[in-house]
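Following: one structure in structure tokens, then a few remarks.
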Amino acid sequence: MDIPPLLRYARVDVPYNYQYFGNVLVDENGIKAKSTVKLHTIFLEWGEEPPTTYPLVLQKELDKAEADVEILKKNGMERLIRESPAGYFLQCLELVKRLFEMKPIWIRRHINWMLPPVIRPQLRFVLPYVSYSMKKGPWRQSYIKFGYDPTKDPNAWAYQVEGFRSCVKSVKDIEIYKMFENDQESGMIVPNSLKKYADQLKDPSPEIKQFEFLKIPKQLFYDGVNPTSAVSFQFIDMTDDDVNTILSHRQQSQVCYEKTGWIDWITLCRLRSVIKYKLNCIKNGKTMDQNRISHLMNARTFKSIDSKQLIPPEDDEDIGDDNDDTNIAGGDDGDGGLDEGSDGDEVQSDTNMANSGDFDLSNNGLDVSKDDLIARLKTFNPGSIRLLDELDGLLKQESIMKLEE
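For the sequence shown, the numbering used here gives the first residue as 5, with consecutive numbering after it.
Right under this line is the structure:
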């Protein structure tokens with residue numbers, strides 16, 4: 005306890021100043037004086053209409069920040085505005101708004117790297133002013149611009165987010181800085197989704213110079229070759245040639261589904277298989293088997309297993325602290341969920357997809373065997389399996405009766 009010792013335990017013979025001070029964060033009743041700040045981030049369920057603006061409760065904080073800036077101006081302290089808490093907040097808000105004009109859906113950690121270090125702590129307070137998040141679906145680990153509904157825009161497939169177990173221990177931003185401390189430019193890249201704005205890198209205006217503009221550490225992207233410290237990736241920013249080949253042959257879905265978004269189920273299965281296999285090879289230092297990769301890229305038969313093994317569990321890792329990217333699961337740490345001797349990717353067709361007719365085995369050119377159909381019935385309609393077992397037993401009994409006659 006932070007109190008002076010009793011007199012009989014003191015090791016000095018004369019009075020002594022212990023320089024004891026009470027805890028400034030606790031009031032006289034022992035209650036913490038500082039309360040947690042509520043961010044008021046909007047989280048939508050799948051199918052809900054997107055909001056067009058931030059909650060009214062946030063307007064009070066924005067008005068207060070603007071009032072603080074006006075007070076500094078009236079007192080002739082313009083030079084202090086940029087370094088004041090209110091100034092940092094308004095600067096961050098302006099820059100984040102500009103980023104969402106460039107791209108409607110962002111991973112928070114990517115935004116964080118584009119901001120000047122001094123205003124990065126304001127990002128978590130600013131995001132609720134310009135974006136919302138989804139609790140489920142292919143965009144659940146990202147922030148979406150107010151008024152934009154990715155479920156109604158087929159082009160939003162490019163911003164779908166896939167989550168996988170990290171192939172290396174999550175690396176925090178300060179550690180990434182140290183990796184290219186001597187030559188920072190060598191570790192920064194312009195992601196595919198922002199290359200059309202690359203000309204702005206040459207803009208000499210002070211506003212552009214506030215950014216590490218449009219550049220993000222390459223450790224936050226998946227290229228199929230190097231280790232990555234992130235676990236969430238957008239399809240458009242993946243630079244792996246095999247992944248891009250699979251995406252180029254995708255079939256555009258006419259309906260946006262919660263589990264697959266705008267990408268057809270078969271393409272998504274192949275993507276996850278290839279990425280998981282490569283991440284596992286990178287993690288364990290194995291040589292990638294090109295024949296194996298080619299097989300996964302063209303797989304047509306998929307085993308029926310628990311669908312939970314395919315769909316990553318709900319995890320708002322990017323909604324909270326982006327440096328804690330460690331709990332998203334894209335499946336087991338195996339080679340794409342496959343045993344060495346298996347013929348296909350171990351994935352499960354989504355129940356809703358199967359019932360809706362969107363996932364048609366015959367239309368997709370898949371090999372359908374008797375055993376595969378029985379396995380699917382066990383998963384989706386256990387009652388039918390029990391009925392088939394009874395019929396099977398009945399037929400066997402009749403056969404025996406004929407033999408006795």
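The C-beta atom is built at its ideal place from N, Cα and C for all residues, glycine as well. All of these numbers come straight from a predicted model, not from anything done at the bench.
Residue closest to residue i, alpha-carbon to alpha-carbon, out of the options
i, options, result
"residue 234", "7, 155, 119 and 168", "168"
"residue 66", "76, 94, 154 and 80", "94"
"residue 129", "286, 62 and 120", "62"
"residue 50", "125, 158, 262 and 191", "262"
"residue 303", "283, 53 and 272", "272"
"residue 92", "101, 125, 279 and 289", "125"
"residue 224", "147, 114, 259 and 118", "114"
"residue 422", "301, 281 and 151", "Any property of residue 422 remains undetermined from this structure, which presents the chain solely from 5 to 409."
Endpoints, the beta strand (DSSP E) within which residue i is located
i, result
"residue 266", "265–267"
"residue 126", "Per DSSP, residue 126 belongs to no beta strand (DSSP E) and is neither H nor E."
"residue 259", "256–261"
Exposure label - residue i; buried when at least 16 CB within 10 Å
i, result
"residue 228", "buried"
"residue 372", "With a pLDDT of only 43 at residue 372, under the threshold of 50, the placement of this residue in the model should not be trusted; the figure read from the coordinates follows. Label assigned to residue 372: exposed."
"residue 47", "exposed"
"residue 291", "exposed"
"residue 7", "exposed"
"residue 138", "buried"
"residue 69", "buried"
"residue 255", "exposed"
"residue 246", "buried"
"residue 30", "exposed"
"residue 308", "Caution is warranted here: a pLDDT of 47 is assigned to residue 308, below 50, making its placement in the model unreliable, and no coordinate value can be reported."
"residue 195", "buried"
"residue 349", "Caution applies to residue 349, whose pLDDT of 35 falls short of 50 and renders its modelled position unreliable; the value that the coordinates give is listed next. Classification for residue 349: buried."
"residue 57", "exposed"
"residue 265", "buried"
"residue 221", "buried"
"residue 106", "exposed"
"residue 154", "buried"
"residue 326", "Its pLDDT being 40, under 50, residue 326 is placed unreliably in this model, and the coordinates cannot settle the point."
"residue 86", "exposed"
"residue 293", "exposed"
"residue 202", "exposed"
"residue 253", "exposed"
"residue 359", "Since pLDDT at residue 359 reaches only 38, below the 50 mark, its modelled position is unreliable, and no value is offered."
Bridge-paired residues (DSSP) for residue i
i, result
"residue 93", "Answer by DSSP bridge pairing: none, since residue 93 is not bridged."
"residue 30", "36"
"residue 149", "135"
"residue 237", "166"
"residue 47", "137"
"residue 192", "221"
"residue 109", "148"
Residue j beta carbon less than 7 Å from that of residue i
i, j, result
"residue 109", "residue 236", "no"
"residue 96", "residue 123", "yes"
"residue 45", "residue 132", "yes"
"residue 250", "residue 274", "yes"
"residue 136", "residue 55", "yes"
"residue 161", "residue 267", "yes"
"residue 239", "residue 145", "no"
"residue 149", "residue 104", "yes"
"residue 2", "residue 116", "Outside the modelled stretch of the chain, which goes from 5 to 409, sits residue 2, for which no answer is possible."
"residue 241", "residue 277", "no"
"residue 286", "residue 231", "yes"
Residue interval of the alpha helix (DSSP H) (run including residue i)
i, result
"residue 294", "294–301"
"residue 252", "245–252"
"residue 76", "63–78"
"residue 117", "112–118"
"residue 84", "82–85"
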